[in-house]
Amino acid sequence: MENNCIFCKIINKETKAEIIFEDDKIIVFKDIYPKAPIHWLFVPKKHIPTHMEITEEDKEIMGHLHIITQKVAKENNINHYKLIMNCGYEAGQRVFHIHLHLLSGKIMGEV
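In our numbering, the protein residues as written are 40 to 150.
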């Protein structure tokens with residue numbers, strides 16, 4: 040856990056979040072500043088600051104992240120969605136703990 044990482048605090052139940060799903064590797068919760076009617080964050084429990092810090096040993100957790108994204112979407116009858124992972128402040132990343140945004144519930148424009 041990183042000292043001031045809000046996602047680590049959510050993972051450790053030190054900060055509240057509206058949790059959608061959780062297992063031993065991933066936690067999913069609603070974004071507090073949603074950009075769509077459905078805006079969920081899929082967060083590995085391992086603290087990895089950005090996409091650039093993913094290593095070979097993270098292959099399993101990154102694959103699991105995508106499988107869980109698909110599983111949770113199916114379980115919630117979400118058939119159309121956009122997945123976004125920002126890497127770095129200039130790309131829009133504000134929390135430096137790797138995560139996927141799932142956005143749905145409206146027609147999404149192109150990036």
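Backbone N, C-alpha and C define an ideal beta-carbon position, used for all residues, glycine too.
Query	Result
For LEU141 and VAL111, the rounded distance between their alpha carbons	10 Å
Residue of HIS90, ASP62, ASP63 minimising C-alpha distance to HIS136	HIS90
Burial state of ILE105, where buried means 16 or more other Cβ atoms lie within 10 Å	Here the sequence assigns His to residue 105, which means Ile is not the residue at that position. By the 10 Å Cβ count, HIS105 comes out exposed.
Collapsed DSSP secondary structure at ALA135 in the structure displayed	With the sequence shown as reference, residue 135 is identified as Phe, and Ala is not the correct amino acid for it. PHE135: coil per DSSP, three-state reduction.
Proximal residues to ILE50 (C-beta, below 8 Å), its chain only, five neighbours per side dropped	MET40, ILE66, VAL82, LYS84
Straight-line gap, LYS74 to GLN132 (C-alpha atoms, nearest Å)	14 Å
First through last residue of the alpha helix (DSSP H) which encompasses ILE107	98-114
Proximity test, ILE117 beta-carbon vs the ligand MG heavy atom, cut-off 6 Å	In the structure shown, the ligand MG is absent, as is every other ligand, since no ligand is present at all.
ILE77 versus THR108 - alpha carbon distance	13 Å
Backbone secondary structure at HIS140 - three-state DSSP	strand
Whether MET147 touches LYS113 by CB criterion (7 Å)	no
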